[in-house]
Each structure stands twice: as structure tokens, then as C-alpha cells.
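Student: Pasting a structure here, questions to come.
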Amino acid sequence: MKCFDPPSHRSDRSAAFLLVTVAVIVSLCVCTLETYAQSDSDLDVKIGQMLMVGFRGTSAREQSSIAKDIHDLHLGGVILFDFDVEKKEYGRNIVSPMQLLDLTAQLQQLSPSPLLIAVDQEGGMVTRLKSSEGFPQNVSHAYLGRIDIADTTRYYSDLLARSLAIVGINVNFAPVLDLDINPDNPVIGKLDRSFSADQDIVTRHAGLFIDAMHNWDVLSAVKHFPGHGSSVEDSHLGFVDVTDTWSEEELAPYRALIAEEKLDLVMTGHIFNRNLDPEWPATLSESIIDGTLREQLGFDGVVVSDDMMMRAITEHYGLETAIKQAVNAGVDILIFANNTYAYDPDIARVAFTTLKNLVMSGDIPRARIDESYDRIRALKKHLH
Numbered sequence: 098m099k100c101f102d103p104p105s106h107r108s109d110r111s112a113a114f115l116l117v118t119v120a121v122i123v124s125l126c127v128c129t130l131e132t133y134a135q136s137d138s139d140l141d142v143k144i145g146q147m148l149m150v151g152f153r154g155t156s157a158r159e160q161s162s163i164a165k166d167i168h169d170l171h172l173g174g175v176i177l178f179d180f181d182v183e184k185k186e187y188g189r190n191i192v193s194p195m196q197l198l199d200l201t202a203q204l205q206q207l208s209p210s211p212l213l214i215a216v217d218q219e220g221g222m223v224t225r226l227k228s229s230e231g232f233p234q235n236v237s238h239a240y241l242g243r244i245d246i247a248d249t250t251r252y253y254s255d256l257l258a259r260s261l262a263i264v265g266i267n268v269n270f271a272p273v274l275d276l277d278i279n280p281d282n283p284v285i286g287k288l289d290r291s292f293s294a295d296q297d298i299v300t301r302h303a304g305l306f307i308d309a310m311h312n313w314d315v316l317s318a319v320k321h322f323p324g325h326g327s328s329v330e331d332s333h334l335g336f337v338d339v340t341d342t343w344s345e346e347e348l349a350p351y352r353a354l355i356a357e358e359k360l361d362l363v364m365t366g367h368i369f370n371r372n373l374d375p376e377w378p379a380t381l382s383e384s385i386i387d388g389t390l391r392e393q394l395g396f397d398g399v400v401v402s403d404d405m406m407m408r409a410i411t412e413h414y415g416l417e418t419a420i421k422q423a424v425n426a427g428v429d430i431l432i433f434a435n436n437t438y439a440y441d442p443d444i445a446r447v448a449f450t451t452l453k454n455l456v457m458s459g460d461i462p463r464a465r466i467d468e469s470y471d472r473i474r475a476l477k478k479h480l481h
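One rule links them: number in our numbering = place in the sequence shown (from 1) + 97.
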């Protein structure tokens, strides 16, 4: 197939940068994370920075619930959605480019330190910023992998990254590093979320995707470690066991991209593999996170959980157990997307209180909180 020749769009790059610069000047407070940490480095701040939550609303005025949570709980990040699962309607956080730019600016103004503002913008079927809402058209990972032309991936990835940066999104939960081992996989293969079953194609195109994110100062979170592509079930819906389908080659894209020092964040999958850990799924497994990811593969950046409100976690572990296991396993940021089945307006406070109580009781060492806080602070220094 003919390569898509990207049109000359560098001329509008300066205009886009100007818009981003204006948004940053308006939205960011004078205080940096490092200064903030020095002035108030207590446990509450560190715990708050480890939480990323979802909320309802297309604005974040000072009287809103998310404003209160950011202020009172020192939240480190938020995750935005266009569709509300419980209400079964669009318009949860994202309506249009200008509305989204206003929302992200409001969110940043509420936070005394740079706030991580994240979306799942993979392209294709997993897209929060849709063309129907005025955002650029995009394509799936599977489409780019099938074409396998570097310039095409560069073009679409640049377009996607630019669309995020202009509206103030600074974290993208993409690209997907899962290998398309099972084409009938309901959450990966059938949704065209994998570049390929070929580890080299996945690595190559994921690297180009990440480069585009970095060119526009957007952090990239790859997923779903240690590999969700061979599963026959969806971890959104329940327990997923890949013991008999997973293979060592699923680590190859992670190994290569870690060696190239491209990875900002790694998202864990809620998948169980008895060969890697006989008791816990990846998000709750010290042997998989601290062992396989950090010691074996050498990743020293931020580890972020998949949504802790997915049924793979909630139906098998209580909130306290899940938080305790995840943090002790090496997870730095816990996501409570609050958009799975039932909306909980108090989830940020409940998660914060639970985590703090676990530290105060000694079930989670204070040193683990310090480690995560230091990694998050180092990550946020890359935000502009």
C-alpha cells in the first residue's frame, strides 16, 4: 500500500506551540513540584501524588468535587473520558477542543504542583478525543502494523500527539505493547489494539509512537505488562489467567524499549500467570514488578496500575488488600478511573485514607512511599 505522504504541517507547529505555551502560562502555578515538596513533604502529599482518579464534569471550578479532592488530597493526577459507562452517555469530561483546553487549564490551576492529566488515546477503537467532537481523525495500532511503513506511523502519531498537547493533555496511556498472539482476544486482538504478533514490528512502531509523544512533550505509558495479547478473556470483566498462553517473547518490546531509554511509565495488566507468580496477578505481584520489570528488564521509571476498579481486582480482592499488595509490589501510581460500572464520588478520599492507614499501621513501609514519590517527582520534571 502506498505510504501516506504527510502534508506540510510544520508551518502550523509554531502556532500550536504558541497555543500550548499560552495554556501553560495560564494554567501552571509558580510553584514547582520540587519547591512544593521541600515546603510540605509530609506523608499526605506523598500519598496524594500516588493517586490518579477519574471524575465527572466538563469543568473544574473551585467548588467542584474534583477541585476539593485535588486541594485536600494533593492528587497527583486525573484521567479523563469522553463516555460515561454507568450513564451510557457521552460528554463525561470531553466535549470539544476548546472545552477540553479550558478544563485542563482549570485542573492545573487547582494543583500546587504539575498535575498529570491522562487519557487513553491509542487510536482506532480506543480513542477519547474523537473526530466527531472536532479532534483529528486517527487510525488503530493494527492498521499501522499491517501497513508497516515508518513514515505513516510517524505522521499519524505526530497528529495524535499534537492533538493532545494543544489541549493540555500531558500523559497518554499508549502505545500498546501487547503482541497480537490471539486474534480473538476480546480486549486486544478483536479491538485492533496491537500493532502485530511480530515482536519486531510492535517494538519498531511503538518506538515511533513514543517519539512523537516526546516531540510534543507528552508522557507515554506503555501497556499491559507483562503481556495481555494471548489472553482469551477481558480483565475489565473478571479474572484473566494467561498461564497456558503467555510466552517469554511478550517481554521483548519492553526489553528493547527500556534498553533504548524510551519509556516514561509502564502500566501493569491485571493478568495472572502462575509461571511468573503462583499467587498474585501482575498488578499485585512483587515478583513481576520488582522482579521481572525492574530487576530483570532494568526499568527504573514510574509503574502505574491499570484501573484498580476493574472486576479482575474488585471481584477477587478487597480494596485494602489490593492497595497493600500493589504498592508493596512496586506500583507507584494507582489509577481509580471511576468509570467501570458504578460511579463512586468518594473513591479518591477512600483510596487516600486506605493507603495512609496502611502506612501508619506498618503494612506498607514508609520507604515504599518515598520511593514512589521520588520517581513521580523525577517524572514530573519532564513536564513543560
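The beta carbon of each residue, even a glycine, is placed where N, CA and C say it ideally should be.
1) If you follow the beta strand (DSSP E) that Q234 is in, where does it begin and where does it stop?
2) If you measure between the beta carbons of P283 and S260, is that distance less than 8 angstroms?
3) Going by DSSP in three states, S228 sits in which element: helix, strand or coil?
4) Would you mind working out which of S382, I263, I444, H321 sits nearest M195, comparing C-alpha positions?
5) Using the rule of at least 16 other Cβ atoms within 10 Å of the residue's Cβ for burial, across every protein chain shown, is D498 buried or exposed?
6) Helix, strand or coil for I368? Go by DSSP, reduced to three states.
7) Please classify M407: is it buried, with 16 or more other beta-carbons within 10 angstroms of its beta-carbon, or exposed?
8) Using alpha carbons as the reference points, say which of Q393, L241, Q206, R446 lies closest to P483.
9) Expressed to the nearest angstrom, what Euclidean distance is found between the alpha-carbon atoms of P378 and A434?
10) Tell me where the alpha helix (DSSP H) around F396 begins and ends.
11) Starting from the C-beta of P350, find all residues in its chain whose C-beta is less than 7 angstroms away, skip the five residues before and the five after it, and write them out in chain order.
12) Spell out the partners DSSP gives V264 in its beta bridges.
13) Pair every Cβ in the stretch 368-384 with every Cβ in the stretch 350-360, then say whether three or more of these pairs are closer than 8 angstroms.
14) Do you know how far the Cα of G326 is from the Cα of D341?
15) What's the gap between the Cα of I246 and the Cα of Y438?
16) Can you give the Cα-Cα distance for V337 and Q160, rounded to whole angstroms?
17) Per DSSP, M149 is paired with what?
18) Does DSSP classify I214 as helix, strand or coil?
19) Does the Cβ of R371 have 16 or more other Cβ atoms within 10 Å, making it buried, or fewer, making it exposed?
20) In whole angstroms, give me the CA-to-CA distance for V493 and V175.
21) List the endpoints of the continuous beta strand (DSSP E) containing Y321.
22) Between the C-alpha atoms of L480 and D314, what's the straight-line distance to the nearest angstrom?
23) Suppose contacts are defined by Cβ-Cβ distances below 8 angstroms. Is K489 in contact with P209 by that definition?
24) To the nearest angstrom, how far is the alpha carbon of L394 from that of P323?
25) Taking C-beta to C-beta, are E230 and V182 nearer than 8 angstroms?
26) Return the residue from the list Q146, I473, G286 that minimises the CA-CA distance to V507.
27) Would you kindly report the start and end of the unbroken alpha helix (DSSP H) that includes V424?
28) Which of the three DSSP states is assigned to K270 in this structure?
29) With a CB to CB cut of under 7 angstroms and the five nearest residues on each side skipped, what residues in its chain are close to L213?
30) Taking 7 angstroms as the limit between beta carbons, can you name the residues of its chain near T389, skipping five residues before and five after?
31) So, at 8 angstroms on beta carbons, what are the nonlocal neighbours of D281 in its own chain, with the 5 sequence-adjacent residues on each side left out?
32) Going along the chain, which residues of its own chain have a beta-carbon closer than 7 angstroms to the beta-carbon of V236, five neighbours each way excluded?
33) Please confirm whether R446 and D166 have their CB atoms less than 8 angstroms apart.
34) Using the Cβ count rule (16 or more neighbours within 10 Å means buried), how would you classify N279?
35) For I432 and M405, I'd like the C-alpha separation in whole angstroms.
36) To which residues of the same chain is S469 closer than 6 angstroms at the C-beta, ignoring the five residues directly before and after it?
Tutor: Let me lay it out:
1) Reading the sequence shown from its first residue, position 137 is the one you call residue 234. In the DSSP assignment, Q234 falls outside any beta strand (DSSP E), carrying neither H nor E.
2) For the purposes of this step, residue 283 is identified with residue 186 of the sequence shown, where counting begins at 1. For the purposes of this step, residue 260 is identified with residue 163 of the sequence shown, where counting begins at 1. Taking 8 angstroms as the cut-off, the Cβ atoms of P283 and S260 do not count as close.
3) Stepping through the sequence shown from its first residue, residue 228 is reached at position 131. Correct three-state label for S228: helix.
4) Here the question's residue 195 lines up with position 98 in the sequence shown. Ranking the options by Cα distance to M195, first place goes to I263.
5) The first residue shown for the chain is 98 and the last is 481, placing residue 498 beyond what the model contains.
6) Stepping through the sequence shown from its first residue, residue 368 is reached at position 271. Correct three-state label for I368: strand.
7) Counting from one through the sequence shown, the residue named residue 407 turns up at place 310. Counting Cβ neighbours within 10 Å, M407 comes out buried, since at least 16 surround it.
8) Only positions 98 to 481 of the chain appear in this structure, which leaves residue 483 out of reach.
9) Looking up residue 378 in the sequence shown gives position 281. Looking up residue 434 in the sequence shown gives position 337. So the alpha carbons of these two residues sit roughly 19 angstroms apart.
10) Residue numbering aside, residue 396 sits at position 299 when the sequence shown is read from its first letter. Taken as a continuous stretch (DSSP letters only), F396 belongs to no alpha helix (DSSP H), as it is neither H nor E.
11) Your numbering for residue 350 matches position 253 in the sequence shown. The answer, listed in chain order, is L274, Q296, V299, T300, A303.
12) The residue you call residue 264 lines up with position 167 of the sequence shown. According to DSSP, V264 bridges with nothing at all.
13) no
14) Mapped onto the sequence shown, residue 341 falls at position 244. Mapped onto the sequence shown, residue 326 falls at position 229. D341 and G326 have their C-alpha atoms roughly 13 angstroms apart.
15) Position 149 of the sequence shown, counted from the start, is the residue given in the question as residue 246. Position 341 of the sequence shown, counted from the start, is the residue given in the question as residue 438. Cα to Cα, I246 sits roughly 39 angstroms from Y438.
16) Counting from one through the sequence shown, the residue named residue 337 turns up at place 240. Counting from one through the sequence shown, the residue named residue 160 turns up at place 63. Between V337 and Q160, the C-alpha separation is close to 40 angstroms.
17) Translated into the one-based positions of the sequence shown, residue 149 becomes position 52. According to DSSP, M149 bridges with G174, I432.
18) Residue mapping note: residue 214 aligns to position 117 of the sequence shown, counting from 1. Looking at I214 - three-state DSSP - the assignment turns out to be strand.
19) Position 274 of the sequence shown holds residue 371. Exposed, by the Cβ-count rule.
20) The first residue shown for the chain is 98 and the last is 481, placing residue 493 beyond what the model contains.
21) Translated into positions along the sequence shown, residue 321 becomes position 224. First, the amino acid is wrong: residue 321 is His here, not Tyr. First-last of the beta strand (DSSP E) with H321: 316-322.
22) Sequence index remark: in the sequence shown, residue 480 carries index 383 (1-based). Sequence index remark: in the sequence shown, residue 314 carries index 217 (1-based). About 7 angstroms.
23) Any question about residue 489 goes unanswered here, given that the chain covers just 98 to 481.
24) Your numbering for residue 394 matches position 297 in the sequence shown. Your numbering for residue 323 matches position 226 in the sequence shown. Taking the straight line joining both Cα atoms gives about 11 angstroms.
25) In the sequence shown, residue 230 corresponds to position 133, counting from 1. In the sequence shown, residue 182 corresponds to position 85, counting from 1. Not in contact: E230 and V182 (Cβ atoms no closer than 8 angstroms).
26) Residue numbering for the chain in the displayed model covers 98 to 481; residue 507 lies beyond these limits and cannot be assessed.
27) Here residue 424 is taken as the residue at index 327 of the sequence shown, counted from 1. Note, V424: alpha helix (DSSP H), 416-426.
28) For the purposes of this step, residue 270 is taken as residue 173 along the sequence shown, with counting starting at 1. Note that residue 270 corresponds to Phe in the displayed sequence, not to Lys. Coil.
29) One-based indexing of the sequence shown puts residue 213 at position 116. Same-chain partners within the cutoff: M149, G173, G174, N267, V268.
30) In the sequence shown, residue 389 corresponds to position 292, counting from 1. Cβ neighbours of T389 beyond the five flanking positions: P323, L373.
31) Counting from one through the sequence shown, the residue named residue 281 turns up at place 184. Exclusion of the five residues before and after D281 leaves K287, V329 as the residues of its chain whose Cβ lies within less than 8 angstroms of its Cβ.
32) By one-based count along the sequence shown, residue 236 stands at place 139. Counting only Cβ-Cβ distances below 7 angstroms, and skipping sequence neighbours, we find G220, G221, Y253.
33) For the purposes of this step, residue 446 is identified with residue 349 of the sequence shown, where counting begins at 1. For the purposes of this step, residue 166 is identified with residue 69 of the sequence shown, where counting begins at 1. Contact flag set, yes.
34) Locating residue 279 in the sequence shown gives position 182, counting from the first residue. Classification of N279: buried, given that the 10 Å Cβ count is 16 or more.
35) Position 335 of the sequence shown, counted from the start, is the residue given in the question as residue 432. Position 308 of the sequence shown, counted from the start, is the residue given in the question as residue 405. In a straight line, the C-alpha of I432 is about 6 angstroms away from that of M405.
36) The residue labelled residue 469 in the question sits at position 372 within the sequence shown. Result list for S469: M147, D429, in chain order.
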